[in-house]
Structures are given as structure tokens and as C-alpha cells.
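Colleague: I have a structure I would like to understand better, so I am pasting it below and will then ask my questions one at a time.
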Amino acid sequence: MDALTVFIPLLPLLAGVIIGLGNFCGVFRGEAKEALATDISLWAMTLSCLMSLVVLGADISGKNTGAFDAGEWLRCDSLVVSVNFISTGLNVRLAALFAVLLAIIMRFSVDYLHREAGYFRFFFVFNLFAFAMLLLVLSGSSVMTFMGWEIAGLCSYLLIAYRYDRPVATTNATRVFVTNRIGDAGFVLGIGLSYLWLDSVNWIDIKNPSNPLEIGEATAIAFCFAVAVFAKSAQLPFTPWLARAMEGPTPSSAVFYGAVMIHAGIYLVIFLQALFEQAPLIMGLLVVVGLSTAVYSFLVGLTQTDIKSSLAFAISGQLGLMFMECGLGFWDIASWHLAAHAIVRGYQMLTAPSVLHHVQDNPIQPVSSFLVQSRWLYLASVQRFWLDQLVDWGFVKPIRQLAHDLSYFDGEGLDKIMGVSAPAMRAAASLAQLKERSIGARLDNEFDDFSHGSGLAGTLTQWTAATMHWLEDHLVLEGVSNRTLGYSRELGRIVNQVERRILRPRYLVLFVFITLLITF
1 MDALTVFIPL LPLLAGVIIG LGNFCGVFRG EAKEALATDI SLWAMTLSCL MSLVVLGADI
61 SGKNTGAFDA GEWLRCDSLV VSVNFISTGL NVRLAALFAV LLAIIMRFSV DYLHREAGYF
121 RFFFVFNLFA FAMLLLVLSG SSVMTFMGWE IAGLCSYLLI AYRYDRPVAT TNATRVFVTN
181 RIGDAGFVLG IGLSYLWLDS VNWIDIKNPS NPLEIGEATA IAFCFAVAVF AKSAQLPFTP
241 WLARAMEGPT PSSAVFYGAV MIHAGIYLVI FLQALFEQAP LIMGLLVVVG LSTAVYSFLV
301 GLTQTDIKSS LAFAISGQLG LMFMECGLGF WDIASWHLAA HAIVRGYQML TAPSVLHHVQ
361 DNPIQPVSSF LVQSRWLYLA SVQRFWLDQL VDWGFVKPIR QLAHDLSYFD GEGLDKIMGV
421 SAPAMRAAAS LAQLKERSIG ARLDNEFDDF SHGSGLAGTL TQWTAATMHW LEDHLVLEGV
481 SNRTLGYSRE LGRIVNQVER RILRPRYLVL FVFITLLITF
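Those letters in the sequence shown? Residues 1 to 520, by my numbering.
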């Protein structure tokens, strides 16, 4: 039954691709096609759910081997990224639970979003998210898990901004997306450190207690993953993004922030139990952050006046308790807490609109007496302890000022440098070739292993490099001849015009970070 783990995330992906392409090509348009899109989504999700239950039954009966290797994604030197899946333990149990919850919420969405604008777009994103979450919990490689982690975050952004014509929705979606990228940076760094010290990116090697990791190395890797899970599961100082995320439709709030995605962080902590137990300092950090988030969420939740915000802080508070349980070593309690909380919060999110309908004439519950007696605590609770404002003051404004300075440098420096003469460009090319030789890359040697890869990603990269090399030979190096000199000057003028429009500080910073990651 191990091979079924491949199809559990694959079926929702196929359904999402069909609906997305159909909507893009105009096949899925109008109310008449809603039933077809619904059938494709429900059948794919139902089959995926049944397969996850079958794999769970096989695991309980002891018939699974524990892993299934579907092939190789990328190989570069000693780095091997495999498409492998875990078919036993916590991963299979959570995959089954999440698949059931996804199927239920998908069925609820059919009626809830009937005749809504963006109906097909919703189900495309929903299926893509189902694929991402099932891949996240079943993958045996940290790189493949990170792919699911990122796709789930992208789907979250798309559904928070489901009503993209509303400025509040797009602003909140962008804020949530950027906040979660901080955690993603920690995840990437954790993968990099794991490969550096363990020479592997597979989870079985990372969390193996027999691997020769010193306490400092284990602490560094655990801290990186801790930052990632704190951001994903809305722990301090990232908690405010969860209330902003409630801007999306009720089904997306239920599946993302009630039942499934919000628990991805605590799942990863429980899954990496062996790694965190090698880092006592990070275990203590889990306790401190979890307890602080629970207290913060409790105090802020007392003064919320809408049901979704109240549920948001109740969710982050319970997640904080789960992190505290993990930090204290109560791993089994945290696992059961996770499963129960996912079911209860998913139900509460789905019933939130009907609750509002049935209690619309009920009087508002008075504020707690101890908040009434403490005016400053009440004010801090209403303002959510000014956490958003502190983040804006400490991070957003300095980065905005940096962007302004980079823009000035871009306009006054880079634009003029990019328009220099051909000799200066040849000098820069010579410096690049010197650096190439100094690191021993020898990219001009077709037999050099450094410039070749294997697997699908390596082959695509090699083809792209070969195409760019051909363009460089025919359009740049040969372009200095008298026959094509005029064309080269005209092409240079066009490139400069395009560069002025697309070269902005954010792209420059992104390029620098990508370069640093590749160099690392």
C-alpha cells in the first residue's frame, strides 16, 4: 500500500490543473459548468481521502514498509532530492485526518459559493491547496515538504484576496504573505544547514538521533525550523497575521486557519521531535513562545467584537498551548491536541455565519470584570498590544526608507553604469571569467560536473544554460563585428529602456538574496 501515498496528493493536483486550464481556456464559465467542476473536485478529493484511509489501515495493521521512493527530482554533487513519501506514523494519521476535513469543507463550499463570482477560481485554488498540504505531511524530503509549504502559503494569499476588488482584502493578503516569508527564510536556512552538517535533506536523516550532530549544530537547525513554524502557526511575534487572514470566504478560513494549514507548524515540531530533543535551548524557546502566545491571545480575544476575530485568537492561543506541550516533552498530548483542535475549529469556522444569523438579537456579552477594573489593560487588549504598529515602526518603515535610498542609487548610479561603453562591459566580462576560474567552475568545459546536473530539474537547468550560452555567442560576442554593430547598438538602446522600467530596488534585493543562497 506504500505506493498509494503518491496518488493521495496527486489526485487533487490533477483536479486543480483541469479546472484551472478549463477556466483559463473558457471551458468552465457560467453557472451551467459549476456542476462539472464540482464533480471533478469532489471525486478527486473523495478518492484521495479513501486512499489515505486505506494507507492508514495498512499502517495500523503493520503492512506498510514505512516509505516509498517514487524517483529522483534533482542530483548535484552529493545533493540528492528524492520524490519519496512516508507511509507510516504521524504523517499517515494526519494525512487521513486532513483529507477527511478537506473533503467535508469542499462539499460545504459547493453550496456556500454557488453563483458566486470566482467560483471556478476558488475550486482551482482549493484543489491546489489540498495537494500542497497532503504533500507537506507525506513527503520524506525537506525540499519536497518546503514545496508544499510554499504552495500552501501562495494559496492562502490567493484566497485571502479572493475579493481582490476590495482594498482591505488585498492589503491583508499582502501583509500575511510577506509575514510568512520570514518563516520561509528560516525553513530554507534550516534545509541548508542540514545539508551542510548532515549531507542530506531527507527527513529520516535530519531527525535521526544517531547522526553525529553537536549540540550547537542541532540548536541552529532546530532554531531555523522553529522560526518557520512560529510564523506558519501564528505564534508571537507573528500572531496578528491570523486575524488579517479572516478576510477570505468562510470555507477558506475554515480549511486554512481552522482545520488544516494553521496546524502545519505544530505538525513539523512534533515530526522533528528527535531533532528538538537534541536542542534543550530551543525546547525552552517553544515553552516561552507558546505560553506568551496563549496569554496574549487570551487577553486580546476578550475584547474582540466579531466572531471570526474571536476564533482567530482562540486558535492562536490553543496552538500556543500545543507548542508549550511540545517544549515540556508532552509529545503525545500535543498530537492528540492537534487532531482534536483541527476538528473543532474547522466546525466552528464553518458554522460561524449561521451562528451570527441565530444570535443577531442577543445582547453583547459584557467585558470581563478584571478588564473593566484595569483601563490600561483594556486599552492594550483593544489595540492588540500595538503589535502591528511596533512591527511597522521596527521593520516596515526602515525597509521602506532603504527602498527609497536604493531607488535613488538605482537612478543616479546603476542607470548610468548600465549605459557605459563596450570596453567597460568587456572589462566586466573579464572580471566574471576571472572569478569563474578562481572558483574552479570551468563552465566552458562540457565535461565539467559543476555545470551539469541530473534529474528533471538538472536537465531543465542545463538546457536553459545551453540556450543562454548560444544567445551570448551569437548576439553578444559576434555582435561586435562591423556587420552587426548597428543592430547591437539598437538592441542596447532597447535593453536600456526596458531596464529602466523593470530594474527596481526590490528586484535588486531579491537578486542579491538568490545569489547568496546559491553561493551558500
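Heads up, the beta-carbon is just placed ideally off N, CA and C, and yes, glycines get one too.
Values in this document were obtained by computation on a predicted structure and should not be read as measured data.
#1: Could you have a look at residue 8 and say whether DSSP puts it in helix, strand or coil?
#2: Assuming residue 244 and residue 175 are in contact, meaning their beta carbons sit under 8 Å apart, how far apart are those beta carbons, in whole angstroms?
#3: My assumption, with CB atoms under 8 Å, is that residue 464 sits in contact with residue 381. Please give the rounded CB distance.
#4: So what does residue 72 bridge to, in DSSP terms?
#5: Which same chain residues end up closer than 6 Å to residue 143 when comparing Cβ atoms and leaving out the 5 residues on each side of it in sequence?
#6: Can you say whether residue 358 is buried or exposed, counting buried as having 16 or more other CB atoms within 10 angstroms of its CB?
#7: If you run the structure through DSSP and keep just helix, strand and coil, what is residue 67?
#8: Could you give the distance in angstroms between the alpha-carbon of residue 354 and the alpha-carbon of residue 159?
#9: Roughly how many angstroms lie between the CA atoms of residue 117 and residue 307, to the nearest whole one?
#10: In terms of residue numbering, what span does the alpha helix (DSSP H) encompassing residue 353 cover?
#11: To test your reading of the DSSP string, which unbroken alpha helix (DSSP H) runs of 4 or more residues are found completely within the stretch 230–263?
#12: Taking 6 Å as the limit between beta carbons, can you name the residues of its chain near residue 299, skipping five residues before and five after?
#13: On the premise that residue 45 lies in contact with residue 103, defined as a C-beta separation below 8 Å, what is that separation, rounded to the nearest angstrom?
#14: Could you please give me the residues that DSSP links to residue 202 through a beta bridge?
#15: Can you look up residue 308 in the DSSP assignment and give me helix, strand or coil?
#16: Please report how far the alpha carbon of residue 377 lies from the alpha carbon of residue 38, in whole angstroms.
#17: Touch check for the stretch 342–356 and the stretch 249–261: three-plus C-beta pairs under 8 Å?
#18: Would you call the stretch 217–232 and the stretch 82–99 touching, i.e. three or more CB-CB distances under 8 Å?
#19: Can you tell me which of 236, 280, 342 puts its alpha carbon nearest to the alpha carbon of residue 292?
#20: By a C-beta neighbour count over all protein chains shown, 10 Å radius and 16 as the cutoff for buried, is residue 167 buried or exposed?
#21: Let me know the secondary structure DSSP gives residue 267 once reduced to three states.
#22: Could you give the residue range of the alpha helix (DSSP H) that holds residue 363?
#23: Using only alpha-carbon positions, find the residue among 134, 109, 328 that is nearest to residue 51.
#24: Excluding five sequence neighbours on each side, which residues of the same chain lie with their C-beta closer than 7 Å to the C-beta of residue 341?
#25: Around the C-beta of residue 312, are 16 or more other C-beta atoms found within 10 angstroms, so that it is buried, or is it exposed?
#26: At the level of alpha carbons, what is the spacing between residue 337 and residue 405?
Modeller: From the atom records:
#1: Here residue 8 sits in helix by DSSP.
#2: Indeed they touch by this definition, with Cβ atoms about 6 Å apart.
#3: For residue 464 against residue 381, the beta-carbon gap comes to about 54 Å, at or over 8 Å, which does not count as contact.
#4: BP columns for residue 72 point to 82.
#5: The residues are 81, 201.
#6: Exposed: under 16 other Cβ atoms inside 10 Å.
#7: In this structure, residue 67 counts as strand in the three-state DSSP scheme.
#8: Rounded to the nearest angstrom, the two C-alpha atoms are 21 Å apart.
#9: The straight-line gap from Cα to Cα measures roughly 24 Å.
#10: Counting along the chain, the alpha helix (DSSP H) containing residue 353 begins and ends at 331–358.
#11: Secondary structure within the stretch 230–263: the alpha helix (DSSP H) runs of 4 or more consecutive residues, fully enclosed, are 241–244, 250–253 (chain order).
#12: Closer than 6 Å at the Cβ level, and outside the excluded window around residue 299, lie 381.
#13: Contact between residue 103 and residue 45 holds, since their C-beta atoms are separated by about 5 Å, short of 8 Å.
#14: In the DSSP output, where bridge partners are listed per residue, residue 202 has 141.
#15: Of the three classes helix, strand and coil, the one that applies to residue 308 here is helix, per DSSP.
#16: Answer to the nearest angstrom: the Cα atoms are 48 Å apart.
#17: As far as the Cβ criterion goes, the stretch 342–356 touches the stretch 249–261, which means the pair count is three or higher.
#18: No, the stretch 217–232 is not in contact with the stretch 82–99.
#19: Comparing Cα-Cα distances from residue 292 to each of 236, 280, 342, the minimum goes to 236.
#20: Around the C-beta of residue 167, fewer than 16 other C-beta atoms lie within 10 Å, and the residue is accordingly described as exposed.
#21: Assignment of residue 267 by DSSP, reduced to helix, strand and coil, places it in the helix class.
#22: Taken as a continuous stretch (DSSP letters only), residue 363 belongs to no alpha helix (DSSP H), as it is neither H nor E.
#23: Per the Cα distances, 134.
#24: Shown here for residue 341: same chain residues with a beta carbon closer than 7 Å to its own, the five before and five after excluded, namely 318 in chain order.
#25: Buried: at least 16 other Cβ atoms inside 10 Å.
#26: Residue 337 and residue 405: Cα-Cα distance of roughly 48 Å.
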